[in-house]
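Counting in our numbering, the final residue of the sequence shown is number 325, and the numbers go up one at a time with none missing.
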Amino acid sequence: AGRVELPIQLPFEFADISRISILACGTAYFAGFVAKYWFETYANLPVDVDIASEFRYRAAPLRPGDVSIFVSQSGETADTLASLRHAREKGQHIVSVVNVATSSIARDSDVVVPTLAGPEIGVASTKAFTAQLSVLACLAIAAGRARGALSAIQERALVQALNEVPQLMIKALELEHESEPLARQLSESSNMLFLGRGTSYPLALEGALKLKELSYIHAEGYAAGELKHGPIALIDDTCPVVVIAPHDHLFQKTASNMQEVAARKGRIILISDATRERAACALEAHIPMPSMHPFTNPLVYAVPVQLLAYHTAVFMGTDVD
Ligand code: BG6
Numbered sequence: 005a006g007r008v009e010l011p012i013q014l015p016f017e018f019a020d021i022s023r024i025s026i027l028a029c030g031t032a033y034f035a036g037f038v039a040k041y042w043f044e045t046y047a048n049l050p051v052d053v054d055i056a057s058e059f060r061y062r063a064a065p066l067r068p069g070d071v072s073i074f075v076s077q078s079g080e081t082a083d084t085l086a087s088l089r090h091a092r093e094k095g096q097h098i099v100s101v102v103n104v105a106t107s108s109i110a111r112d113s114d115v116v117v118p119t120l121a122g123p124e125i126g127v128a129s130t131k132a133f134t135a136q137l138s139v140l141a142c143l144a145i146a147a148g149r150a151r152g153a154l155s156a157i158q159e160r161a162l163v164q165a166l167n168e169v170p171q172l173m174i175k176a177l178e179l180e181h182e183s184e185p186l187a188r189q190l191s192e193s194s195n196m197l198f199l200g201r202g203t204s205y206p207l208a209l210e211g212a213l214k215l216k217e218l219s220y221i222h223a224e225g226y227a228a229g230e231l232k233h234g235p236i237a238l239i240d241d242t243c244p245v246v247v248i249a250p251h252d253h254l255f256q257k258t259a260s261n262m263q264e265v266a267a268r269k270g271r272i273i274l275i276s277d278a279t280r281e282r283a284a285c286a287l288e289a290h291i292p293m294p295s296m297h298p299f300t301n302p303l304v305y306a307v308p309v310q311l312l313a314y315h316t317a318v319f320m321g322t323d324v325d
């Protein structure tokens, strides 16, 4: 009904905290990285996001009474669990976003926000990722309301955007025929880049991870604006560059990065609701996405990113599970 109602009682007020720390590994870390943008944008709340295996060995100053959120599909990842115990010693409120409600991380948390994605069969997390994003999106909206950063009207618009995600994901799945033929071309590459800005940056990192993990092709994700600071040297006509660029306020900036790639004969695969013409450079392929509220871009754009990795792996004969 246009509002986020958390199915749990939080033992703290979002209005009283000064910072959230998000800790996780692998794909769950990238879901947390997307959430950092959301908490900052919609709740005006500073967020640190950290790889659990680094966090536990750092001396990150934590203010007692602040909140640490642990994201994990299995709820058993050793580094995430160890960082949870470290955060508890530092007086943090412990919130976990887990898929397995009976897991160690769930048991050791003050509050569990379940992802309810059902059993994740494959090693490479996919549906758990989008479910983690959904839960974190709801938490960001709830934080935004509690902190007065979002009005009721703004909340309604964000909730409506979330409600539209299932239909948008169906549309994105219907575009499967676009990524399937690309798999043959990608399978011939030994290196690939994924680029994105804003929430598309962590999604680019996730895209590169999925491709590596499933197809064994080397891939790196980069913030589009960081391209010029080194990785552009890698680009030539053997290097596919997947650009995740929804047609939002950041698109023009990313388009100029695409033009830099095109000037080096990089083979651009654009995933965007913008037309090919708007890229103003040569594209090898364009996966034409439906348009949506910018808030939900990472949820829906995850679908073609996962399908690219999936079809490349299937084409190469590697075991996607
Ligand atoms: C890795 C998996 O080993 O663990 C990733 O390959 C996963 O897919 C990561 O994201 C973290 O796992 P979990 O269960 O803590 O989310």
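Every residue, glycine too, gets a C-beta built ideally from N, C-alpha and C.
- With fewer than 16 other Cβ atoms from the protein chains shown falling within 10 Å of its own Cβ, Tyr220 counts as exposed.
- In terms of Cβ geometry, Met293 and Val246 do not form a close pair [threshold 8 Å].
- Here Met296 is not near Ala283, since their CB atoms are 8 Å or more apart.
- Judged by DSSP secondary structure, Val99 falls within the beta strand (DSSP E) whose first and last residues are His97 to Val102.
- Between the ligand BG6 and Cys29, a heavy atom-to-CB distance of less than 7 Å is present.
- In the three-state scheme derived from DSSP, where H, G and I count as helix and E and B as strand, Arg60 is classed as coil.
- Counting along the chain, Gly321 sits inside no beta strand (DSSP E), nor does DSSP assign it H or E at all.
- In summary, Leu137 is buried, with 16 or more beta-carbon neighbours lying within 10 Å of its beta-carbon over all protein chains present.
- As computed with DSSP, Phe198 is found in a beta bridge with Gly225 and Val246.
- Remark: the shortest separation between the CB of Gln263 and any heavy atom of the ligand BG6 does not fall under 7 Å.
- Within its own chain, the residues whose Cβ lies closer than 8 Å to the Cβ of Ser25, once the five positions on either side in sequence are excluded, are Val51, Asp52, Val53, Asp54, Phe59, Ala64, Leu66, Asp70, Val71, Ser72, Ile73, Ala91 and Gln96, listed in chain order.
- Between the C-alpha atoms of Ile273 and Gln189 there is a straight-line separation of about 11 Å.
- Not a single heavy atom of the ligand BG6 lies less than 7 Å from the C-beta of Glu210.
- Of Phe319, Leu287, Thr258 and Val265, the smallest CA-CA separation from Thr203 is found for Thr258.
- By the neighbour-count criterion, in which 16 or more other beta carbons inside 10 Å mark a residue as buried, Val127 falls on the exposed side.
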